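J.: One structure coming up, written as structure tokens, with questions to follow.
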Amino acid sequence: MNFLATIGAFFLSFFAQTGRLSVFVGQTLASMLRPPIYFRIIGQQIIRIGYFSLPVVALTSFFTGGALAIQIYYGGNQFNSEAIVSSIVALGITRELGPVLGGLMVAGRVSAAIAAEIGTMRVTEQIDALTTLSTDPHKYLVAPRVIAATLCMPVLALVADIIGVFGGFVVGTQSFGFNAAIYVQNTIDFLTFDDVSSGLIKAAVFGFIIAMMGCYNGYYSKGGAQGVGRATTNAVVSASILILAANYLMTSLLFSS
Amino acid sequence: MTAKIALSDIHKSFGSKDVLRGVNLEVETGQSVVVIGGSGSGKSVMLKSILGLLTPESGSIKIDGQETLGVARRHRAHIDNQIGMLFQNGALFDSLPVWKNVAFRAIQNDGMGEADARDLAVDALKRVELGPELLDLSPASLSGGMHKRVGLARAIASKPEIIFFDEPTTGLDPIMTDVINHLIRDCARELGATTMTITHDMTSVRAIADKTALLYKGEIIWQGTTEQLEASDDPFLNQFINGLPYGPIEVEGQRIEAASSQMGAE
Numbered sequence: 001m002n003f004l005a006t007i008g009a010f011f012l013s014f015f016a017q018t019g020r021l022s023v024f025v026g027q028t029l030a031s032m033l034r035p036p037i038y039f040r041i042i043g044q045q046i047i048r049i050g051y052f053s054l055p056v057v058a059l060t061s062f063f064t065g066g067a068l069a070i071q072i073y074y075g076g077n078q079f080n081s082e083a084i085v086s087s088i089v090a091l092g093i094t095r096e097l098g099p100v101l102g103g104l105m106v107a108g109r110v111s112a113a114i115a116a117e118i119g120t121m122r123v124t125e126q127i128d129a130l131t132t133l134s135t136d137p138h139k140y141l142v143a144p145r146v147i148a149a150t151l152c153m154p155v156l157a158l159v160a161d162i163i164g165v166f167g168g169f170v171v172g173t174q175s176f177g178f179n180a181a182i183y184v185q186n187t188i189d190f191l192t193f194d195d196v197s198s199g200l201i202k203a204a205v206f207g208f209i210i211a212m213m214g215c216y217n218g219y220y221s222k223g224g225a226q227g228v229g230r231a232t233t234n235a236v237v238s239a240s241i242l243i244l245a246a247n248y249l250m251t252s253l254l255f256s257s
Numbered sequence: 001m002t003a004k005i006a007l008s009d010i011h012k013s014f015g016s017k018d019v020l021r022g023v024n025l026e027v028e029t030g031q032s033v034v035v036i037g038g039s040g041s042g043k044s045v046m047l048k049s050i051l052g053l054l055t056p057e058s059g060s061i062k063i064d065g066q067e068t069l070g071v072a073r074r075h076r077a078h079i080d081n082q083i084g085m086l087f088q089n090g091a092l093f094d095s096l097p098v099w100k101n102v103a104f105r106a107i108q109n110d111g112m113g114e115a116d117a118r119d120l121a122v123d124a125l126k127r128v129e130l131g132p133e134l135l136d137l138s139p140a141s142l143s144g145g146m147h148k149r150v151g152l153a154r155a156i157a158s159k160p161e162i163i164f165f166d167e168p169t170t171g172l173d174p175i176m177t178d179v180i181n182h183l184i185r186d187c188a189r190e191l192g193a194t195t196m197t198i199t200h201d202m203t204s205v206r207a208i209a210d211k212t213a214l215l216y217k218g219e220i221i222w223q224g225t226t227e228q229l230e231a232s233d234d235p236f237l238n239q240f241i242n243g244l245p246y247g248p249i250e251v252e253g254q255r256i257e258a259a260s261s262q263m264g265a266e
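Order-wise, the sequence lines are chains A and B. To convert, note that position 38 of the first sequence is 38 in UniProt numbering; the numbers rise steadily by one, no gaps. To convert, note that position 104 of the second sequence is 104 in UniProt numbering; the numbers rise steadily by one, no gaps.
This is how it looks when you write it as structure tokens:
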């Protein structure tokens, strides 16, 4: 009986959370459409989320591109097809690794920061204060962060694409002796607009997920410093899992057609 | 005459715990009402219900005769605009300097420019006896007493008709407690505002209350003027105002659980 009650409690909690998250997303989307829109805060968030994430994303993608080139070179070596390094690095980075790894890195940095900031505002009654000062917290706190992250992530993914491909180029030309001009030409010849654009579309969705998970977990945090810590952890974990799940779904949709 | 704030049969529970169990209270225009009660008696829940931050299951909350319970936030903006609130810990926005905190409502809702907003902040800070040198400071660099006073300046900056104070003197030394109590009294008088204060500090009750209400186990069990409060022989009230030890009290030979001995979620 206790076992069944535990299962029941789990599902009730799951559906309650899902319902609350759906309402939260709905309220946020509605608040984006109604004036006022806080352009100054959106600008500030673009700098915090986008600009300050550039070093993390750039370093991650550079080393990933380099590692990918090594793996493909030695893998292809067994079939005398080392020449595919440039094209596979470009494809792997632009379609998958650029947006996904960039998304995961930004989730770790930004989702946690948003959850901690909004969570602290919740437990110190600053969100209640906003409401009593006739300011909608969804409009003032959540919407600017979601808009900024959704706009920034494709740009970060594009930067990740370029630097990731460059990482492969550096390893390919310096370690394996590929001709630089041929490497670049192969990359350009093989890549299509759809390869890059599909990654950028994914990145925009990841940006939405990252900010939404940070805001949602922070907004509903409770229990003082411990609660804020829990919200921060939940934000990063849920954003990361949702990014990977959304990536699978979008890859299925974008490439099955 | 219509009461400025009228609570009628308010019920609010969290899970299986009934926190408010039929609260009835009326506050007349210009009156200063102080609600006292032990920890967990439901004071903050009652206040948050009036402010629309919590939604009671049943009852009626009227402000200026208008029902606010069940009214969507965006449809009660005209009510919110006449309310000021001082939170227990000030609840100043960390990311904004003092002047933006104080003039927040005017900047966000009325689109007030920087020069006018700074003037408004200077004026409001002056009312709480603070100088313009604080304008550009971050809330993190303020002392506890200053934090409260800047919070009070924010609450009165828009010249509200109703001001709520949640534990305004908690965590302050006796001198600062006295300063805050007098500022509350003076600001409310200057603005002609109706005020409701939640506290368990009897110094505040004696300094600012026209009327006091005792909340016990989610119900208002006593209300009256400060003179009636001092003269009352209500055992729960006496235990609370005289700071008697926690535990059951004896009424007409029967032992009854004391107001301050209960624990709960507030």
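Where is the CB? At the ideal position from N, CA and C, for every residue including glycine. If you're wondering where the values come from, they're calculated on a predicted model, not measured in any experiment.
Is the region 111 to 118 of chain B close to the region 156 to 166 of chain A, with three or more CB pairs under 8 Å?
T.: Counting Cβ pairs under 8 Å, fewer than three are found: no touch.
J.: Identify each residue in the region 182 to 216 of chain B for which the Cβ-Cβ distance to at least one residue of chain A is less than 9 Å, and report them in chain order.
T.: none
J.: Near A/T251, which residues of its chain fall below 6 Å by C-beta distance, leaving aside the five closest residues on each side in sequence?
T.: For this step, residue 251 of chain A is matched to residue 251 along the first sequence. Closer than 6 Å at Cβ, skipping near neighbours: no residue.
J.: Please list the residues of the region 121 to 135 of chain A that have a C-beta atom closer than 7 Å to any C-beta atom in chain B, keeping them in chain order.
T.: T124, E125, Q126, D128, A129, T131, T132, L133, S134, T135
J.: Is the distance from the Cβ of B/D9 to the Cβ of B/G30 below 8 Å?
T.: Taking the second sequence and counting its residues from 1, the one referred to as residue 9 of chain B is at position 9. Taking the second sequence and counting its residues from 1, the one referred to as residue 30 of chain B is at position 30. It is not a contact, given that the beta carbons lie outside the stated cut-off.
J.: When DSSP labels each residue in this structure, what does A/Y38 get in the three-state scheme?
T.: Reading the first sequence from its first residue, position 38 is the one you call residue 38 of chain A. A/Y38 falls in the coil class under three-state DSSP.
J.: Judging by CA-CA distance, which residue of B/T169, B/V98, B/D123, B/P132 is the nearest neighbour of B/S141?
T.: By 1-based counting over the second sequence, the position of residue 141 of chain B is 141. Nearest of B/T169, B/V98, B/D123, B/P132 to B/S141, Cα basis: B/V98.
J.: Taking only the alpha-carbon atoms, compute the straight-line gap between B/Q239 and B/L214 and give it to the nearest angstrom.
T.: Looking up residue 239 of chain B in the second sequence gives position 239. Looking up residue 214 of chain B in the second sequence gives position 214. Cα to Cα, B/Q239 sits roughly 12 Å from B/L214.
J.: Taking B/R105 as the query, report the chain A residues whose CB atoms sit under 7 Å from its CB, ordered along the chain.
T.: Taking the second sequence and counting its residues from 1, one reaches residue 105 of chain B at position 105. Ordered by position in chain A, the residues that pass the 7 Å Cβ test against B/R105 are L133, S134.
J.: Any C-beta of chain A sitting closer than 8 Å to the C-beta of B/F165?
T.: Locating residue 165 of chain B in the second sequence gives position 165, where the first residue counts as 1. Not one chain A Cβ lies under 8 Å of B/F165.
J.: Please classify A/Y51: is it buried, with 16 or more other beta-carbons within 10 angstroms of its beta-carbon, or exposed?
T.: On the first sequence, position 51 is the one that residue 51 of chain A refers to. It counts as exposed.
J.: Given a cut-off of 8 Å on the beta-carbon distance, is the pair B/N101 and B/R154 in contact?
T.: Here residue 101 of chain B refers to the residue found at position 101 when the second sequence is read from its first residue. Here residue 154 of chain B refers to the residue found at position 154 when the second sequence is read from its first residue. Cβ distance < 8 Å, so B/N101 and B/R154 count as in contact.
J.: Anything in the region 25 to 58 of chain B with a Cβ closer than 7 Å to a Cβ of chain A? List those residues in chain order, please.
T.: L51, L53
J.: Would you mind telling me which residues of chain A sit closer than 7 Å to B/I180, beta carbon to beta carbon, in chain order?
T.: Start at 1 with the first residue of the second sequence, and residue 180 of chain B comes out as number 180. Going along chain A, no residue has its Cβ under 7 Å from B/I180, so there is no contact; the nearest lies around 18 Å.
J.: Quick one: residues in its chain with C-beta nearer than 6 Å to the C-beta of A/L254, no 5 flanking neighbours on either side, listed in chain order?
T.: To locate residue 254 of chain A, count along the first sequence from 1; it is residue 254. Cβ neighbours of A/L254 beyond the five flanking positions: S198.
J.: Does the region 197 to 214 of chain B come into contact with the region 116 to 125 of chain B, if we say contact requires no fewer than three beta-carbon pairs (one atom in each stretch) closer than 8 Å?
T.: Judged by pairs of C-beta atoms under 8 Å, the region 197 to 214 of chain B does not touch the region 116 to 125 of chain B, as fewer than three such pairs exist.
J.: Which residues of chain A have a Cβ atom closer than 9 Å to the Cβ of B/D116, listed in chain order?
T.: Taking the first residue of the second sequence as 1, we reach residue 116 of chain B at position 116. Close to B/D116, with beta-carbon spacing below 9 Å, lies no residue of chain A; the smallest spacing is near 17 Å.
J.: At which residues does the alpha helix (DSSP H) containing A/G172 begin and terminate?
T.: Counted from its first residue, the first sequence places residue 172 of chain A at position 172. 143 to 175 is the extent of the alpha helix (DSSP H) around A/G172.
J.: Would you report the Cα separation of A/I153 and B/R206, rounded to the nearest angstrom?
T.: Numbered from its first residue, the first sequence carries residue 153 of chain A at position 153. Numbered from its first residue, the second sequence carries residue 206 of chain B at position 206. Strictly speaking, residue 153 of chain A in this sequence is Met, with Ile absent from that position. Roughly 58 Å separates the two Cα atoms.
J.: Looking at the strands, I want to know which residues DSSP matches up with B/K100.
T.: By 1-based counting over the second sequence, the position of residue 100 of chain B is 100. Looking at the DSSP assignment, B/K100 forms no beta bridge with any residue, so it has no partner.
J.: If B/G90 and B/R73 are in contact, beta carbons under 8 Å, what's the gap, nearest whole angstrom?
T.: Walking along the second sequence from the start, residue 90 of chain B turns up at place 90. Walking along the second sequence from the start, residue 73 of chain B turns up at place 73. So it is not a contact: roughly 23 Å between Cβ atoms.
J.: Measuring alpha carbon to alpha carbon, tell me which of B/W222, B/I184, B/F104 ends up nearest B/G127.
T.: Working through the second sequence from its first residue, we reach residue 127 of chain B at position 127. One point to set straight first is that residue 127 of chain B is Arg, not Gly, in the sequence displayed. Among B/W222, B/I184, B/F104, the Cα nearest to that of B/R127 belongs to B/I184.
J.: Where does the unbroken beta strand (DSSP E) through B/R21 begin, and where does it stop?
T.: Along the second sequence, read from residue 1 onward, the residue named residue 21 of chain B stands at position 21. From DSSP, the beta strand (DSSP E) with B/R21 extends over 17 to 27.
J.: Are the CB atoms of B/A193 and B/I162 nearer to each other than 8 Å?
T.: Sequence index remark: in the second sequence, residue 193 of chain B carries index 193 (1-based). Sequence index remark: in the second sequence, residue 162 of chain B carries index 162 (1-based). A contact, by the Cβ cut-off of 8 Å.
J.: Report the neighbours of B/A121 on chain A: residues whose CB is nearer than 9 Å to its CB, in chain order.
T.: Taking the second sequence and counting its residues from 1, one reaches residue 121 of chain B at position 121. Within chain A, no residue comes near B/A121; the closest Cβ sits about 14 Å away, beyond 9 Å.
J.: Which of the three DSSP states, helix, strand or coil, is assigned to B/S41?
T.: Here residue 41 of chain B corresponds to residue number 41 of the second sequence, with the count starting at 1. Reduced to three states, the DSSP call for B/S41 is coil.
J.: Count the C-beta pairs between the region 122 to 129 of chain A and the region 221 to 229 of chain A that are closer than 8 Å, then say yes if the count reaches three, no if not.
T.: yes
J.: Label A/D194 either buried or exposed according to how many other C-beta atoms from any shown protein chain fall within 10 Å of its C-beta, with 16 as the threshold for buried.
T.: Counting from 1 along the first sequence, the entry for residue 194 of chain A is found at position 194. So A/D194 ends up on the exposed side.
J.: Are the C-beta atoms of B/A77 and some chain A residue less than 8 Å apart?
T.: Working through the second sequence from its first residue, we reach residue 77 of chain B at position 77. Yes - at least one Cβ of chain A is within 8 Å of the one on B/A77.
J.: Looking only at DSSP bridge pairs, what is B/Q223 linked to?
T.: What you label residue 223 of chain B is simply residue 223 of the second sequence in a count that begins at 1. In DSSP, B/Q223 forms a bridge with B/A213.
J.: Does chain A have any CB closer than 8 Å to the CB of residue 270 of chain B?
T.: Examination of residue 270 of chain B is not possible in this model, given that chain B is present from 1 through 266 alone.
J.: Taking all protein chains shown into account, do 16 or more other C-beta atoms lie within 10 angstroms of the C-beta of residue 271 of chain A, making it buried, or fewer, making it exposed?
T.: What is shown of chain A runs 1 to 257, which leaves residue 271 of chain A out entirely.
J.: Contact defined as beta carbons within less than 8 Å: I believe B/G86 pairs with B/D166. What is the distance between those atoms, to the nearest angstrom?
T.: Residue numbering aside, residue 86 of chain B sits at position 86 when the second sequence is read from its first letter. Residue numbering aside, residue 166 of chain B sits at position 166 when the second sequence is read from its first letter. A quick correction: the sequence has Leu, not Gly, at residue 86 of chain B. About 7 Å separates the two Cβ atoms, so the contact holds.
J.: Alpha carbon to alpha carbon, what distance is there between B/S58 and B/V19?
T.: Taking the first residue of the second sequence as 1, we reach residue 19 of chain B at position 19. Taking the first residue of the second sequence as 1, we reach residue 58 of chain B at position 58. Approximately 13 Å, taken between the alpha carbons.
J.: If I measure Cβ to Cβ from A/I147 and keep anything under 7 Å in the same chain, skipping five residues before and after, which residues do I get?
T.: Locating residue 147 of chain A in the first sequence gives position 147, counting from the first residue. Correct list, in chain order: M32, I42.
J.: Per DSSP, what kind of secondary structure is A/N247 in: helix, strand or coil?
T.: For this step, residue 247 of chain A is matched to residue 247 along the first sequence. Residue state, collapsed to three classes: helix.
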